[in-house]
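The working numbering numbers the first residue of the sequence shown as 3 and each following residue consecutively.
Beta carbons: idealized from backbone N, C-alpha and C, even for Gly.
Since the structure is predicted, the reported quantities are computational estimates derived from the model, not experimental observations.
What follows is a set of notes on a single structure, which appears directly below.
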Amino acid sequence: MRKTFNTPYKEALRERILAASGVKRAGLVLKGAKVLNVFTRELEEADVAVQDGFIVGIGAYRGEEEHDLTGRIICPGFIDGHIHLESSMVRPEEFERAVLPHGTTAVVTDPHEIANVAGTEGIEYMLRETEGLLLDVYVMLPSCVPAAAMEESGAVLQAEELRRFYDNDRVLGLAELMNAPGTIAAEDGVLSKLEDAARMKKRVDGHAPGLSGKALNAYCTAGVASDHECCKKEEALQKLRRGQWIMIREGTAARNLEALISLCKDPWASRCMFVTDDKHPGDLRRLGHLDWIIRRAVLLGADPVTAVLMATLYPAQYFGLRENGAVAPGYRADLAVLTDLEEMRVERVYKNGRLAAENGRVLHKGIPSAVCKKGADGLGGESFQSVFHSFCMAPVRTQDLKLEPEGDTVRVIQLTPKELLTRERLEPWTHVAGFPPGVDPARDIVKLAVFERHKGTGHKGVGFLGGYGLKAGAVATSVAHDSHNLIVAGVSDSDMALAAEAVRKAEGGIAVVKGGTLLGILPLPIGGLMTPMTAQAVDEKLEELKRLAAGLGVREGIDPFMTLAFVSLPVIPALRLNTCGLIDVERQEILEVSFGETQFGNEKVGGKLYGSGENISPERK
Numbered sequence: 003m004r005k006t007f008n009t010p011y012k013e014a015l016r017e018r019i020l021a022a023s024g025v026k027r028a029g030l031v032l033k034g035a036k037v038l039n040v041f042t043r044e045l046e047e048a049d050v051a052v053q054d055g056f057i058v059g060i061g062a063y064r065g066e067e068e069h070d071l072t073g074r075i076i077c078p079g080f081i082d083g084h085i086h087l088e089s090s091m092v093r094p095e096e097f098e099r100a101v102l103p104h105g106t107t108a109v110v111t112d113p114h115e116i117a118n119v120a121g122t123e124g125i126e127y128m129l130r131e132t133e134g135l136l137l138d139v140y141v142m143l144p145s146c147v148p149a150a151a152m153e154e155s156g157a158v159l160q161a162e163e164l165r166r167f168y169d170n171d172r173v174l175g176l177a178e179l180m181n182a183p184g185t186i187a188a189e190d191g192v193l194s195k196l197e198d199a200a201r202m203k204k205r206v207d208g209h210a211p212g213l214s215g216k217a218l219n220a221y222c223t224a225g226v227a228s229d230h231e232c233c234k235k236e237e238a239l240q241k242l243r244r245g246q247w248i249m250i251r252e253g254t255a256a257r258n259l260e261a262l263i264s265l266c267k268d269p270w271a272s273r274c275m276f277v278t279d280d281k282h283p284g285d286l287r288r289l290g291h292l293d294w295i296i297r298r299a300v301l302l303g304a305d306p307v308t309a310v311l312m313a314t315l316y317p318a319q320y321f322g323l324r325e326n327g328a329v330a331p332g333y334r335a336d337l338a339v340l341t342d343l344e345e346m347r348v349e350r351v352y353k354n355g356r357l358a359a360e361n362g363r364v365l366h367k368g369i370p371s372a373v374c375k376k377g378a379d380g381l382g383g384e385s386f387q388s389v390f391h392s393f394c395m396a397p398v399r400t401q402d403l404k405l406e407p408e409g410d411t412v413r414v415i416q417l418t419p420k421e422l423l424t425r426e427r428l429e430p431w432t433h434v435a436g437f438p439p440g441v442d443p444a445r446d447i448v449k450l451a452v453f454e455r456h457k458g459t460g461h462k463g464v465g466f467l468g469g470y471g472l473k474a475g476a477v478a479t480s481v482a483h484d485s486h487n488l489i490v491a492g493v494s495d496s497d498m499a500l501a502a503e504a505v506r507k508a509e510g511g512i513a514v515v516k517g518g519t520l521l522g523i524l525p526l527p528i529g530g531l532m533t534p535m536t537a538q539a540v541d542e543k544l545e546e547l548k549r550l551a552a553g554l555g556v557r558e559g560i561d562p563f564m565t566l567a568f569v570s571l572p573v574i575p576a577l578r579l580n581t582c583g584l585i586d587v588e589r590q591e592i593l594e595v596s597f598g599e600t601q602f603g604n605e606k607v608g609g610k611l612y613g614s615g616e617n618i619s620p621e622r623k
């Protein structure tokens, strides 16, 4: 509901003003610290006076309660400008428990993942699950459900389905507009969503890797104000020149900070912010959240104060969060207390003027909506059925994985280390003894399959993956961006079927199989994306599964599950596999997995260089 300014508000404001003027003692005063002024970039030695959750003064104050922070630095609480909470695999209250001790006091989430599973019910679920939290959770409405025309998701969301959510104060706009081609072509459905956002004076976030020239001009003309997909400085500069804000992403799967670190200084930094996009619980527990990104930016050469601004004031300015992002009178008392600016260790966190976390431990947290508390079934009772019962598909059989050659050349989806981009790799079709046709672990070629799991269509895509490293067994997951169908990779059809079946029977999860034995599984019964388990329990189980996957040969440095989750996303170049088949993302065309009659060696055939190993089509490089 929208805020109204009534007598209680005036009385509260009166008390704040009186405390600010020194006529009365403030409710809380933080004494002895240095205050990081985000407006002048100074460190001020001053008290911070707090009344009713708001900062009312910087200077010399007395308080009803006083905390001695001598030798510490007070800065604004951190704001993550783009994250999918579902990627944490835990319920929002567990996410809050994981990030509050790291100084994060606000996040802007795109419930795109659960919306692809459960439509508007998924959005409503996330709004209800976050409404009682101490952590401020703002929402950008999913703009592309499904993410592209060549997707089979659990729902289709048009402008009319999204419109009602704009009445919620926590909804800030329209999330990452992945349908860049539809935007540039001025498709009516896209325009309707943009019209609603414009009418409500809301932000529109972007998602357009590699977009440039007149296409970028058209995208910006549509009102798309940001991008979080830049992997190179020059692309980011092009978008900055056209007025976009750049969200510098450092998550679990995609890490672009090092490539974009030169933007973390004048004149560009004030139009940039740090975001995580996707973050697994293990990274949150061991590395941190935005505090870790700030710390890493400083290690890479960024000025510490500038790095803090990119996680506080700048995202607040972008999203119009006028009460956030600064330690100054009239701003919310959302504060991170640091040991120093170099190490950037968060010692205490105040949320709404209340000590919420200290030394990595949550002292006070929010209370989630009663509607979403555990029911008799251990999940959500009778509420949100499409969230808690999201699987509708037939059992997976070994014969469902068969793939026969249609030519002697095979297209392999080649992973790119530390990036979400893939490349096309062309290899001769071979049949190695002991493995299904086309699979060759010695050349790092494994089978990949995606099964529709929302509406029982029986649709599937089967192809090949390179750069994953698997030598034995199979890995399956229901976390497969963005439609979250069931994806499985392996070197054995029978193991792939077993892994897929384990996930199906659990109504979502991650499974590792070898030699006909289920080695381990993490059930994810909330939309096939999240679990009611604690973050610690999820982390421990994920680490166990990662060790198992590494034992099967998955390459060091690759997150076996987060990486696999993006292989089916047909909006990031160059090749993807989903239930429609093998997709050329740039052309939005379905390709044959195998084709042609070709002489291999060092010859060019059809304009493409063929051979073994890492040979990539010239146009894909």
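Residue span of the alpha helix (DSSP H) that contains Q538, given as start and end = A537 to G553
Can we count G156 as close to the ligand HEM, meaning its CB is less than 8 Å from some heavy atom?
-> Judged by which ligands are present, the structure shown has none, so any question about the ligand HEM falls away.
E325 versus R506 - alpha carbon distance = 45 Å
Secondary structure of G468, DSSP reduced to three states | strand
What distance in whole Å lies between the Cβ atoms of L520 and V464, which are believed to be in contact at a cut-off of 8 Å?
-> So it is not a contact: roughly 22 Å between Cβ atoms.
Expected contact under 8 Å - CB spacing of E503 and S392 to nearest Å | Rounded, the Cβ-Cβ distance is 16 Å, inconsistent with contact.
Y127, buried or exposed, once every other Cβ within 10 Å from all chains shown has been counted against 16 = buried
Contact with chain B by R27, beta-carbon distance below 9 Å | Going by chain labels, chain B is absent from the structure shown, which holds only one protein chain.
Closest by C-alpha distance to A48, when choosing among R64, D54, G55 and F56 | R64
Alpha helix (DSSP H) segment containing A513, residue limits | Per DSSP, A513 belongs to no alpha helix (DSSP H); it is in the beta strand (DSSP E), G511 to K516.
With 16 other CB atoms within 10 Å as the buried threshold, where does Y221 fall?
-> buried
Cα-Cα separation between V412 and V481, rounded to whole angstroms | 26 Å
Within its chain, find whatever has a CB closer than 6 Å to the CB of G380; leave out the 5 residues flanking it on each side and keep chain order.
-> Low local confidence applies: a pLDDT of 45 at G380 is under 50, so the model's placement there is unreliable, with the coordinate-based value given in what follows. Excluding positions up to five away in sequence, the list is empty.
Please report the residue range of the alpha helix (DSSP H) in which K216 lies.
-> G215 to T223
With a floor of 4 residues, list each alpha helix (DSSP H) that falls wholly inside the stretch 323 to 376, ordered by position along the chain.
-> none
Report the residue from A100, S388 and V540 whose alpha carbon sits nearest the alpha carbon of S155.
-> S388
DSSP-derived helix/strand/coil call for Q53 | strand
As assigned by DSSP and simplified to three states, the class of I523 = strand
For the stretch 35 to 108, list the alpha helix (DSSP H) runs that are entirely contained and at least 4 residues long, ordered along the chain.
-> 94 to 101
Once you ignore the five residues that flank V587 on each side, which residues in its own chain have a CB closer than 8 Å to its CB?
-> P572, V573, I574, P575, A576, L577 and R578
Would you say L544 and M180 are within 9 Å of each other, going by their C-beta atoms?
-> no
Quick one: measure Cβ to Cβ for S496 and T400, integer angstroms, because I've assumed they're closer than 8 Å.
-> 5 Å
DSSP state of T459, grouped into three classes?
-> coil
Does the Cβ of H114 have 16 or more other Cβ atoms within 10 Å, making it buried, or fewer, making it exposed?
-> buried
Does the stretch 152 to 169 touch the stretch 118 to 127, meaning 3 or more C-beta pairs lie closer than 8 Å?
-> yes
Mind checking I369: buried by the 16 CB within 10 Å criterion, or exposed?
-> exposed
Through-space distance from Y168 to M202, alpha-carbon basis | 7 Å
What separation, rounded to the nearest whole angstrom, lies between the Cα atoms of A451 and G225?
-> 37 Å
What residues in its chain sit with their C-beta under 8 Å from that of L593, if we drop five residues either side in the sequence?
-> R413, L577, G583, L584, I585 and D586
Determine the direct distance from the alpha carbon of M532 to that of R549, and round the result to whole angstroms.
-> 21 Å
Could you tell me the distance, in whole angstroms, from the CA atom of L20 to the CA atom of Q319?
-> 28 Å
Cross-strand partners of D138 (DSSP beta bridge) = A108
What is the residue span of the beta strand (DSSP E) that E426 lies within?
-> T424 to P430
Which ranges does the alpha helix (DSSP H) cover as unbroken runs of at least 4 residues, wholly within the stretch 267 to 327, from first to last along the chain?
-> 283 to 288, 292 to 301, 306 to 311 and 315 to 321
Whose CA, out of A177, A255 and G471, lies closest to the CA of D446?
-> G471
Between D305 and H483, what straight-line distance do the alpha-carbon atoms span, to the nearest angstrom?
-> 35 Å
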